[in-house]
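Residue numbers (the working numbering), protein chains in the order written: chain A, 269 to 655; chain B, 3 to 295; chain C, 330 to 673.
One structure is given below, encoded as structure tokens.
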Amino acid sequence: MKTLFVATLTSLAAASVLAQTNPIRIGVVTPLSGTYAGIGQQVRWGLDLAAREINAAGGVSGRPLELVYEDSEANPAVAVQKAEKLIQVSKVDFLTGTVNSGATLAVGQLAERNNKLIATTVSFADSITGDKCSPNVFRVNARAGMQSAALADWMAATRPNANVFYLGPDYEMGRSTVAAFKNAAEGKGARTVGEVFAPLDNKDYSPYFGQIRGARPTVIYTSVAGNDTVRLFNQMAEFGVSRNVQVVGASGTVTSQNLAAVGRNADGFVTGVGYSPLIETPENKRFVAAFEAANKAQPDLYGTDSYGVLFLYKAAVEKARSTDTDKLREALRGLSWATPQGVKTIRAGDHQAMQDMYAVRVNGGRFEIVGKVAAAAAIGPDVCTRF
Amino acid sequence: MDWIQFVLAPQVINGLAIGVAVVLMALGLTIIFGLLDVINMAHGEFYALGAFLAVVLIGLGLSFWLALLLTPLLLAAVGYLTERTLIQRVFHSKDRHTLTLLLTFGLGVLLEDLLKIVFGANPLRLETPIAGATELLGLFFPNYRLFVMLFGGAVIAAVWLLVFRTPLGAMVRAAAFDRHMTASLGVPVHQVYAATFAFGVALAALAGVLLAPMYSVFPTMGRDFVFIAFSVVIIGGMGSIKGAVLAGLLLTQVQSVSSLWISPVWSDPLLFGIMVLVLVWRPQGLFGRLGHA
Amino acid sequence: MLETTLHPQGRALPAAPNRGRRADALRWIAGAFFLAALAFGIVAWAVGDVFFLRLATEALIYGGLALSVDLLLGRTGLLPLGQALFFGLGAYVSALVLKHWAASFWLALAVAMAASALAGLMGGLIAIRSKGVYFALISFGLAQVVSKVVYNTRELGASDGLIGVPAAQLGAGLSTALPLGFFLVVLALIFATWALLSWLMDTPFGRQLAAVRGNEQRLAFIGVDPWRVKLAVFVLAATIAGASGALYPMLRGFVSPELMFFQVSGNAVINVIVGGTGTLIGPLLGSSLLTGLRSVVGSWTEHHHIAIGLLFVIVVILAPRGLVGGLAPRLQAWLDRRRDQELS
């Protein structure tokens, strides 16, 4: 009898130890091929580094983290299919990695229907934690409104009542980014002297330069991205349009993916963003050094926010003492955790991370910090009404 | 008068630079179709290949000008090989049109993916070889753009002369008109085909190198020109060199000037509308085809 | 015999099947395919799988699109490079009906089919006047223009698309949220479409299509207006593509402009060529195989696009008849030998 009792106790203990050390699977559905592969690469670097550090320090509640990657090809239809594979076949506990907002929304809906949580580290469309918010979707990076706030603040301080010309790509994201900044800027006294929207993937911006010159702006704001940025900036330099004009833009306009191709023509460009490798905190310096050592490349905001999301997850799981979705959701709301950018807090009302925002200027390939807005001022109102 | 000088004239001149680029692309396409009856859906990718090759050559230390000379030659060789090894194989089947369309379509997909794998998805930079700007009519135009216009124009003129004023050109036109007769006259028709395809590809590659400093280099850049090049070729007449030149210059002007009044986003739909109208009114395009018109 | 009169020089792509003889092999292959699909569904359900059932459903949905492409390419000789337009249109209409009107399967399907037919009529009037590369480019251009408009329209969700599409009800408590249930419904629909098209190919209309493909001018000589025939088949293809598209939001709960992009049209053409142009069952097979392949290879390597591209080029050069196109004659020969043996 006693032997049976001891045997049962031992096997129960063994079973619980086994349960404790089986890995927590994080599903990462991110563009590994296609136009956004560069962003997916940074996401991967950030996540891998964080996972290594967390596992080296004992894992999450003693359990190691395991990352499972799938290629979303920056296409929501593919992202949803791969996310379902991750949930059903790979049995992941948590999802992350989506880049474009369409994919985040669609995968978020899938997560809701399968009772799992997803955190995005890249998508900045306001709607994700705004009118299309979901109880299963969290956002670790800054949203577009926060970026605009930081930039508008800097612009009002350095160029009060500026004459601003807006140039954006003609699609929803491009237009709404311009509209959001215009709102913030006009609210602080800037004047709009012109607005033009070029087709996405436009080759030649010279047809618009006449209009721009005629409007005589002191500031040009643009929300182009990727290859369009390279063309616009190079052509503006060729035609002398950007001489004596301050060029500002969205955070996605000049990134590590296109910086090399734009080169010195990006010097002087200022944007509002949640991260710069030059942030002077000891955590950031340590992080940048570790990232560079591992990947032979500097981290950008996508890599850094992806690094941060795993630490958020760790903090939440340890607070909830469980990976159960409902408990995790409760633990995440209002949670603060340390990141290379300082301490961030997840606002309970809309699952948006609050953080200090920076105005950053590109100079010789570096992102210099020229301004800062505190988290509370940058975050903007909570418009999520679903929960 | 002010409006003409400061608004209209720049649009026209910039339109010319774009127009020269488009004509170079359309020329290669129309020549390939005119002679081989092959629609090269991978034309955009050869354009991209030219740009990437130039980046590689310049990275190896060559000057831009040397790259400008070498790249079309190297890619002409690639084009020659492609025609002899791949296109010839499907050339003699009776469903040749669809098969070559599909083959070149598949080839285009392959080449684009290959470029992504080898060079990565991020854009690459090519320094502008001629810096500075010139003042014209009170406005500044980048010197390199003016060069592109002049050089491109010279190339187009040279092609025209080659096709219409030389014995070689006569041979090519004869083969386009009636290849069996031409073959029976002792012209090596197979080599002529391959050489013509190579020539068309070389033109695309040349455009790639020429435009790279203006439009930057990245794996999907081939798609920039596909739609407009094909539209120009169709409107001008598939196989017609005169058509490609005139339609190319005209249509880019229409797009450039119309962007003063209508939102630029309607440029492509406008072009599409014109193409449909032309096809309804004159299905063979404005000028018919090589060897025939 | 009709074949020889119209095509004295023979052909490279598979001809419309000689009724009575080659149809046997194709029907065999089709039968095997549908039975295998059914078996797959039951096994997957029995082991409690969800992902593979939904992936297979998606493969069948794209199979419907491939059928519509084959109708144009394999049967009428018109290469469409923009069929995704109707697929995406059907998807959006279906999503809107389910979200804002009623979550009824039949209503969404019907409205989507009506919308696609109408769009097919309008598109056809523009495109039908041309053939060969002109048709391909007009088809491509139409899809470009419309997808751009959708991409920019805020009411349609713009570049994010529309989420929140509820599961559709089929009546009798059946909902499209059930993996096996919806798989079987889609399988039945695709089967019905295939059967309808197979039957249609044996009717006078079907032979008119073959005639258009072979030699359009001669068709006019026997008193049939090729323009009408082409328009009719274009509308039919558009409707089938739209119906397939309508099923997509029921499966995934959302739609996005990517459903109208060239990649979808291009993939459909690849599916048809690899499967076997003109065989109707070939495109279904090709679609199933390649959808599965894309998913599986995509999990191994980022370079999956090039693998498919390479496969496609190899097929076009070395085996332009595709899988079924190559298999069917051999199977037919074997069947004929068996029949001869039985008779003797």
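Don't be surprised by glycine CBs; every beta carbon is placed ideally from N, CA and C.
Determine the DSSP secondary structure at residue i, reduced to helix, strand or coil.
i	result
S459/C	coil
L335/C	With a pLDDT of 42 at L335/C, under the threshold of 50, the modelled position of that residue is not reliable, and no figure is offered here.
L18/B	helix
F142/B	strand
G639/A	strand
A645/A	helix
I292/A	strand
T568/C	helix
R654/A	coil
R499/A	helix
D339/A	strand
M530/C	helix
T366/A	coil
V487/A	strand
I386/A	strand
T607/A	strand
S544/A	coil
V189/B	coil
P344/A	helix
P271/B	helix
How would you list, in chain order, the residues of chain C whose beta-carbon sits under 7 Å from the beta-carbon of residue i?
i	result
N343/A	E587
V150/B	Per Cβ cutoff of 7 Å: no residues; V150/B is ~27 Å from chain C at best.
Name, please, each residue of chain B whose Cβ falls closer than 8 Å to the Cβ of residue i.
i	result
R458/C	L281, V282 and P285
T303/A	A123 and T222
P612/C	By Cβ distance, chain B contributes nothing, its closest Cβ being about 14 Å from P612/C, past 8 Å.
Going by CA-CA distance only, name the one from the options that's closest to residue i.
i	options	result
V642/C	V603/C, V541/C, G502/C and A501/C	V603/C
G413/A	A448/A, Y476/A, A324/A and Q503/A	A448/A
V558/C	D399/C, R404/C and G377/C	R404/C
T312/B	W162/B, L141/B, F35/B and G287/B	Outside the displayed range of chain B (3 to 295) lies residue 312/B, so it cannot be described from this structure.
K450/A	Y473/A, T460/A and A584/A	T460/A
F380/C	V598/C, L450/C and F512/C	F512/C
E440/A	V494/C, G493/C, V515/C and L485/C	L485/C
Y543/A	G602/A, A505/A and R411/A	R411/A
L436/C	T532/C, R542/C, A575/C and L647/C	A575/C
Here's the rule I'm using: 16 or more other beta-carbon atoms within 10 Å means buried, otherwise exposed. How should residue i be labelled?
i	result
A365/C	exposed
F507/A	buried
Q623/A	buried
R650/C	buried
P299/A	buried
F655/A	exposed
L38/B	buried
W629/C	exposed
V92/B	buried
W528/C	exposed
Residue i versus chain A: which residues are under 8 Å apart at the beta carbon?
i	result
D1/B	Nothing about residue 1/B can be read from this structure; chain B reaches only from 3 to 295.
L126/B	A528 and A529
So residue i contacts chain A; which residues on that side make the cut at Cβ distance below 9 Å?
i	result
Q255/B	Correct list: empty, because the minimum Cβ distance to chain A is about 11 Å.
Going along chain A in order, which residues have a C-beta closer than 7 Å to the C-beta of residue i?
i	result
I20/B	D472
V25/B	Going along chain A, no residue has its Cβ under 7 Å from V25/B, so there is no contact; the nearest lies around 15 Å.
Report yes if the C-beta of residue i is less than 7 Å from at least one heavy atom of the ligand ATP; otherwise report no.
i	result
I569/C	Ligands displayed in this structure: none; no statement on the ligand ATP is therefore possible.
Check the Cβ of residue i against every Cβ in chain B and list those closer than 7 Å, keeping chain order.
i	result
V462/C	I41 and L103
Notebook entry, point to check: When the Cβ atoms of the region 525 to 542 of chain A are set against those of the region 629 to 648 of chain A, are three or more pairs found closer than 8 Å?
Noted result: yes
Check: Taking one C-beta from the region 400 to 418 of chain C and one from the region 384 to 393 of chain A each time, how about it: are there three or more such pairs within less than 8 Å?
Finding: no
Check: Three or more beta-carbon pairs under 8 Å between the region 117 to 127 of chain B and the region 215 to 230 of chain B, yes or no?
Finding: yes
Check: Do three or more CB pairs link the region 459 to 471 of chain A to the region 520 to 527 of chain A at distances below 8 Å?
Finding: no
Check: Contact between the region 373 to 389 of chain A and the region 582 to 589 of chain C: three or more CB pairs below 8 Å?
Finding: yes
Next item on the list: Give a yes or no on contact between the region 48 to 68 of chain B and the region 250 to 258 of chain B, applying the rule of three or more CB pairs nearer than 8 Å.
Entry: no
Next item on the list: Determine contact between the region 429 to 442 of chain A and the region 225 to 237 of chain B, defined as no fewer than three beta-carbon pairs at a distance below 8 Å.
Entry: no
Notebook entry, point to check: Should the region 434 to 447 of chain A be called in touch with the region 483 to 492 of chain A, which here means at least 3 C-beta pairs below 8 Å?
Noted result: yes
Next item on the list: Kindly confirm or deny that the region 264 to 282 of chain B and the region 465 to 484 of chain C touch, where touching means at least three C-beta pairs closer than 8 Å.
Entry: yes
Note to self: I'd like to know if the region 141 to 158 of chain B and the region 549 to 562 of chain A are in contact, where contact means that at least 3 CB-CB pairs between them fall below 8 Å.
What the structure shows: no
Margin query: Measuring CB atoms only, is the region 238 to 258 of chain B touching the region 137 to 148 of chain B, in the sense that at least three cross pairs come out at less than 8 Å?
Written below: no
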